[in-house]
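Just so we're on the same page, the working numbering is the position in the sequence shown counted from 1, plus 20.
Ideal Cβ positions, reconstructed from N, Cα and C, are used throughout, including at glycine.
This structure is a prediction, so every number in the text was calculated from the model and none was measured.
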Amino acid sequence: MQAFQTALKPSRIALVITAVLHLWALLTCIFAFYGWMRIIGLVLLSASLIWAWRKQTLKQPEAIHQIAVSRLGQAAVFIGEEQIAFDAVLCDSSLISRYALFLKWHLGDRILWQFILPDMTDKESYRRLLVWARWGQPLSTRPSE
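Printed below as a string of structure tokens:
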């Protein structure tokens, strides 16, 4: 197996979906509720939009910005704006699909979930990550869940 690195960027598809769903929820809140229920709903929807937007634009402190895989199939993830590297093991409960990757990373002392769409990286990097996630991991490093 060849070593590779995958740099991640925010997904345009996920940003559009986030905006459309929050707009739909906002309109529903405006037309379905009144009084203090509407005000609470709008405040909570605003907080939800801010949180979701930060999550989708990879601005959260625990956002994974890059994944590096060695020739032996061992992975390292780079977290945060400072790009701090952590050795990572992909857990068996990750969902691997051709259209999206729901990755569960075991970093030793903590577990992180990551959602990757194909437009978050170039086609070749996405294909390599997909193939590695399905078949390229060393069996000896997998954590027991």
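Cβ-Cβ distance between residue i and residue j below 8 Å
i	j	result
Ile116	Leu92	no
Leu123	Ala153	yes
Leu78	His42	no
Gln76	Gln103	no
Element boundaries [beta strand (DSSP E), containing residue i]
i	result
Thr26	Phe24 to Ala27
Continuous alpha helix (DSSP H) stretch holding residue i: start and end
i	result
Gln80	First-last for Gln80: undefined, no H or E at that position.
Phe51	Arg32 to Ala52
Residue i versus residue j: straight-line alpha-carbon distance, rounded
i	j	result
Ile84	Trp44	29 Å
Pro158	Gln94	7 Å
Val109	Thr38	29 Å
Leu69	Ile33	16 Å
Discussion item. Restricting to runs no shorter than 3 residues, where is the beta strand (DSSP E) found entirely within the region 96 to 145?
Written reply: List check, beta strand (DSSP E) in window: 104 to 110, 121 to 126 and 131 to 136.
Worksheet item: With a cut-off of 8 Å, do at least 3 Cβ pairs link the region 119 to 139 to the region 24 to 33?
Response: Verdict: yes, contact present.
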